[in-house]
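Colleague: Just passing along the structure, written as structure tokens.
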Amino acid sequence: MVTDLNNERTQDISDRYLNSVEEINRIMYSGRLHEWQGMDLSISQFNTLVMLKQMGSMRMGMISYYLKNTLAATTSIVDRLEKKGLVVRTKDPDDRRVVICELTEEGQKATERFWRVAREAALRVAGKWDQEQLESVVKALELILRTHKEIVQSGVSSRANE
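Take the sequence shown: its letter number 36 is residue 36 in the working numbering, and every next letter is one higher.
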């Protein structure tokens, strides 16, 4: 584990990592910007759709937590998405006080259109690599994802214990 971020070599590698992540984000989002603008969504609405696509059905409270919004703000966001036919709210059959939010078929299609552009860009890049290079990149990305998941889970666990 890299703990000494003040070390000159470590700092250089960290800077290269951050610059690469930022550049990849720019590349992946630039092609999708047109698709997103055509959806007529605020950033908060868009983030809610993306999260529901990735996580599946969620309680309103968890959506609020992940988006770092108040429950009232999240309710307003979901109201607008529901009016657009992109999400639906239902009551939890085990606890009628709990509201579950999920993507509608139209919400699924909207997020799939957005991600399709990114997938196509990623495949164009991967198509230039040999199998060994592709495997190396995939392993690095899987490490990033595992680490991020661990960080998120430890944050949720510690927050649940508050």
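Every residue, glycine too, gets a C-beta built ideally from N, C-alpha and C.
(1) Inspect the beta-carbon positions of valine 87 and glycine 56 and report whether they are closer than 8 angstroms.
(2) At the level of alpha carbons, what is the spacing between arginine 16 and lysine 91?
(3) Rounded to whole angstroms, how far is the Cβ of methionine 60 from the Cβ of threonine 48, which I believe are closer than 8 angstroms?
(4) Would you identify the three-state DSSP class for threonine 70, choosing helix, strand or coil?
(5) Answer with buried or exposed for valine 78, where buried requires no fewer than 16 other C-beta atoms within 10 angstroms of its C-beta.
(6) Going along the chain, which residues of its own chain have a beta-carbon closer than 8 angstroms to the beta-carbon of glutamate 22, five neighbours each way excluded?
(7) To the nearest whole angstrom, what separates the beta carbons of alanine 110 and methionine 39, a pair I think is in contact under 8 angstroms?
(8) How would you label glutamine 133, buried or exposed, when you count the other beta carbons within 10 angstroms and need 16 or more for buried?
Modeller: On the basis of the supplied data:
(1) Contact flag unset, no.
(2) Roughly 47 angstroms between the two C-alpha positions.
(3) Not quite, the Cβ-Cβ distance comes to about 10 angstroms (not below 8 angstroms), so this is no contact.
(4) Here DSSP, grouped into helix, strand and coil, assigns threonine 70 to coil.
(5) With 16 or more other Cβ atoms from the protein chains shown falling within 10 Å of its own Cβ, valine 78 counts as buried.
(6) Closer than 8 angstroms at Cβ, skipping near neighbours: no residue.
(7) Confirmed, Cβ separation roughly 6 angstroms.
(8) Taking every protein chain shown into account, the CB of glutamine 133 has fewer than 16 other CB atoms within 10 angstroms, so this residue is exposed.
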